[in-house]
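Here the structure comes first, spelled out in structure tokens, and everything after it is commentary.
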């Protein structure tokens, strides 16, 4: 049996993968980031890898979108012997300086405070006004009540890019295929993918036309076709 472990993004739940078609012989294992209170990237990676050890199967591939992609990189680089492939979708491999990390942590703590103290809809309006979400269809917005708001607030701090190492070098030494997917309209993450490939030539990059940051849901047919090609090759 082959399994795809799918990690969702920050303002999502594991239900976003519910209708994801996979090649014959593959089973989907959606991972709920809100099943436990967020503690740290390292703690999450350890918990996921322990779950993987208890799960039978011939092939296990990790896939994560945005925050889920960062968590997937944490798990894959912590225990590469457990995995057979990694698919990163529009996720940051890691900031390269202390100054950038401190700035990112301050911004994430700001969002965490707002989610704790302000009406959720007000905060969501400002969140989706960020440039990275430009052009995103309203139907893809997070629906309040679909995940614990206090867990989401804590995740902004505990799983902040400011607390994340730069995984670029570690990704270059993984003993299995690594794929990085971004949307052509998402200039920031497409550039990150190109930079990652320059640092780690084993990382294969893919850019999907007509998609912004939320690639799997903005261009589902193109994303599913590419993902099926990737999985079939493993």
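Residue numbers (my numbering): 647 to 880.
Think of the CB as a built atom: it goes at the ideal place given N, C-alpha and C, for glycine as much as any other residue.
Could you tell me how far apart the beta carbons of residue 774 and residue 735 are, in whole angstroms, since I believe they sit closer than 8 angstroms?
Contact between residue 774 and residue 735 is ruled out by a C-beta separation of about 18 angstroms, above the 8 angstroms threshold.
Collapsed DSSP secondary structure at residue 757 in the structure displayed:
Correct three-state label for residue 757: helix.
Spatial neighbours of residue 672 within its chain, please: CB distance less than 8 angstroms, with the 5 preceding and 5 following residues excluded, ordered by chain position.
Setting aside the 5 residues that flank it on each side, residue 672 is surrounded in the same chain by 648, 649, 650 and 877, each with a C-beta closer than 8 angstroms to its C-beta; the list follows chain order.
Run through the stretch 805–865 for me and flag every whole alpha helix (DSSP H) of 4 or more residues, listed as ranges in chain order.
Runs of alpha helix (DSSP H) with 4 or more residues, each lying fully within the stretch 805–865, are found at 814–817, 833–845 and 861–864, listed in chain order.
Out of 669, 675 and 728, which one is the CA nearest neighbour of residue 692?
Among 669, 675 and 728, the Cα nearest to that of residue 692 belongs to 728.
Whole angstroms are fine: how far does the CA of residue 666 sit from the CA of residue 874?
Distance from the CA atom of residue 874 to the CA atom of residue 666, rounded to whole angstroms, is 10 angstroms.
In chain order, which alpha helix (DSSP H) runs of at least 4 residues are fully inside the stretch 700–767?
You should have 713–724 and 744–763.
Classify residue 873 as helix, strand or coil using the three-state DSSP reduction.
Under the three-state reduction of DSSP output, residue 873 falls in the helix class.
Going by other Cβ atoms of all chains shown within 10 Å of its Cβ, with 16 needed for buried, is residue 694 buried or exposed?
With 16 or more other Cβ atoms inside 10 Å of its own Cβ, residue 694 counts as buried.
Where residue 742 falls, given that 16 or more other Cβ within 10 Å makes a residue buried
Exposed is the call here.
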